[in-house]
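One structure below.
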Amino acid sequence: MERTLLIIKPDAVKASRSGEILKMVVDAGFEVIAMRMTLLTREQAAKFYAIHEGKPFFNPLLDYMTSGKVIPVALERENAVTKLREVLGATDPAKAAPGTIRALFGTNIEHNAGHGSDSVENGRIETAFFFGEMEF
Ligand code: IDP
Ligand code: MG
């Protein structure tokens with residue numbers, strides 16, 4: 067079964083939207099296979115987002131992702147990576163389809179409520195980042 071990582075980002079956690087977001091992914095047919103709440107260190111955030119190092123939004127992104135608790139959630143479903151990105155909506159909440167997590171709960175292109183893995187390979191790497199190589 068395909069695996070992907072959802073992160074409920076600090077703005078959504080602070081706004082008490084975590085329950086609604088989890089309900090949306092469960093209603094979309096995902097199984098929650100692991101979940102926790104954590105405050106990322108700057109080092110962890112930099113490692114997780116290493117692909118964006120050097121981009122103008124990299125340091126602000128680390129500020130944001132370490133500004134409060136996040137909820138990483140390992141999810142499984144057929145076609146999980148593509149499907150989660152559909153449920154999340156476009157990176158910029160202003161461009162996200164109505165009814166998507168980012169359209170409903172995101173503030174702007176940076177503070178956009180949720181993360182979803184962008185490939186099947188990264189789904190494996192990112193779930194392992196938070197939950198190790200444990201058998202679910
Ligand atoms: P994604 O989260 O939709 O995969 P990425 O391009 O991988 O989008 O960017 C990672 C995160 O960095 C975004 O979710 C968002 O929080 C932030 N970000 C992306 N592009 C910008 C930008 O142009 N300005 C500010 N923040 C951005
Ligand atoms: Mg991405």
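With this note's numbering as the guide, the letters of the sequence shown map in order to residues 67 to 202.
Don't be surprised by glycine CBs; every beta carbon is placed ideally from N, CA and C.
- For Val139, the number of other beta carbons within 10 angstroms of its own is at least 16, and it is reported as buried.
- Inclusion of Met103 and Lys135 in the CB contact set at 8 angstroms is warranted, their separation being smaller than that value.
- Annotated three-state conformation of Leu106 is coil, per DSSP.
- As summarised for the segment 113-142, the continuous alpha helix (DSSP H) elements at least 4 residues long and confined to that stretch are 124-131, given in chain order.
- Looking at the backbone, the Cα of Glu187 and that of Phe124 are separated by about 22 angstroms.
- At least one heavy atom of the ligand IDP lies less than 7 angstroms from the C-beta of Phe123.
- 8 angstroms or more divides the Cβ of Gly155 from the Cβ of Ala146.
- For the pair of segments examined, the segment 126-134 was found to touch the segment 163-178: the number of CB pairs separated by less than 8 angstroms reaches three.
- Annotation: Glu199 to Ala116 spans about 20 angstroms, alpha carbon to alpha carbon.
- Relative to Glu152, the option among Glu86, Pro76, Lys121, Val91 whose CA is nearest is Val91.
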